[in-house]
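To keep things clear, I will list the structure first and then write my remarks on it.
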Amino acid sequence: MNKINLLILLFLCIGRISAQSNKATPPIDGYKYIQIDDANHNFGRFTYGKAIGYSVKMKNISQDTLQLNNVIVSCGCTTPEYTPGNYAPDSVINMHIGFNGYTEGKLNKTMSVLFEDKGKPFVVILRFTGEGIKKESSTK
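So the sequence shown is residues -19 to -1, 1 to 121, counted in mature numbering (1 follows the signal peptide of the UniProt record, and there is no 0).
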């Protein structure tokens, strides 16, 4: 009987500890605050190994100053260039997205742009697709 009670107590403690360690994920509802001119960019076909990129503009369409905190990319092959900080209503955030080009075949990459509105975090998702094509060598 004491062993059963001890096991139950152990499981309750483990469950409580793991529940406390889970951080809340910011909601993906940023489109009510941010207007994006190219949230789903398609590179089409590109040469494998050749770096490519595009620029995206995001406009603060809210009535409040928003804070851009970070951009999380899905892999190290993607490099966002942006300026973190506060953006007043109607201001435009310019971001350049670079991709190293080292994917053969179809690709689908995502970036999570992390913002805050009055201390409340939210996320905007940017995506790009394309197809890396290797050039055939012309050895004769």
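Cβ coordinates follow ideal geometry from the N, Cα and C atoms, glycine included.
Looking at the DSSP output, Pro61 shares a beta bridge with Ile78.
Rounded to whole angstroms, the gap between the alpha carbons of Phe109 and Ile33 is 11 Å.
In the structure shown, the three-state DSSP call for Tyr29 is coil. Considering only Lys13, Gly86 and Ile106, the residue with the shortest C-alpha distance to Gly25 is Gly86.
When C-beta atoms of the region 10 to 19 are compared with those of the region 50 to 58, fewer than three pairs fall below 8 Å, so the two segments do not count as touching. With a cutoff of 8 Å on beta-carbon distance, Ile78 and Val37 are scored as near each other. Cβ contact annotation for Asn23 (same chain, cutoff 8 Å, sequence separation greater than five): Phe109, Thr110 and Gly111, in chain order.
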